[in-house]
Amino acid sequence: MHEMTIAMNIIDIVCQKANDENAHKINSVELEIGELSGIMIDSLEFCFEAACKNTIADGAELNIHKIKAEAFCKSCNNNFNMKSNFSPCPTCNNFDFEILKGKELSIKSFNID
Ligand SMILES: [Zn+2]
Numbered sequence: 035m036h037e038m039t040i041a042m043n044i045i046d047i048v049c050q051k052a053n054d055e056n057a058h059k060i061n062s063v064e065l066e067i068g069e070l071s072g073i074m075i076d077s078l079e080f081c082f083e084a085a086c087k088n089t090i091a092d093g094a095e096l097n098i099h100k101i102k103a104e105a106f107c108k109s110c111n112n113n114f115n116m117k118s119n120f121s122p123c124p125t126c127n128n129f130d131f132e133i134l135k136g137k138e139l140s141i142k143s144f145n146i147d
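FYI, the numbering for the sequence shown is 35 to 147, going by this note's numbering.
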C-alpha cells in the first residue's frame with residue numbers, strides 16, 4: 035500500500051524534528067499534495083491516523099492542501115490547468131507541454147508541543 039509508506043515517512047520526518055526540538059507531542063501536520071502526485075487523499079488520511087498510533091503523533095490533526103496541476107504548453111505558449119497526466123493542452127490539443135505544478139508531496143508545516 036503506497037499511501038501507508040508515505041504516511042509512515044511523513045511521521046518519521048515529523049517525529050525526528052519534534053525530537054530535535056525536545057517536543058513531546060505533535061498536534062498537527064500540514065501537507066501539500068499535487069493533483070498529479072497519484073496519492074489518494076482519503077487513503078492517506080486513513081493511513082496517517084493508523085501510522086500515528088504509538089508515536090508522539092498519535093491523534094495529530096492532518097491538514098491537506100491540494101495543489102492544482104499546471105502545465106506550460108510549448109506549442110501554443112499557454113499555461114493551463116491539467117485535468118490528468120493524459121489530457122492534452124485544451125487550446126491546441128497537443129501533448130508537447132511541461133508540467134509546472136501538481137506533483138508535489140511536501141510537509142508544509144507542523145505544530146508541536
Ligand atoms: Zn497548447
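Glycine included, every Cβ here is placed at the ideal spot set by N, Cα and C. All figures in this text were calculated on a predicted structure; none of them were measured in a lab.
Could you give the DSSP three-state label for F131: helix, strand or coil?
strand
Determine the DSSP secondary structure at C49, reduced to helix, strand or coil.
helix
Please list, following the chain, all residues that have a C-beta closer than 6 Å to any non-hydrogen atom of ligand 1.
C107, S109, C110, N112, C123, T125, C126 and N128
Secondary structure at N97, three-state DSSP: helix, strand or coil?
strand
I'd like to know whether the C-beta atoms of I44 and I90 end up nearer to each other than 8 Å.
no
G68 vs K117 beta-carbon contact at 8 Å:
no
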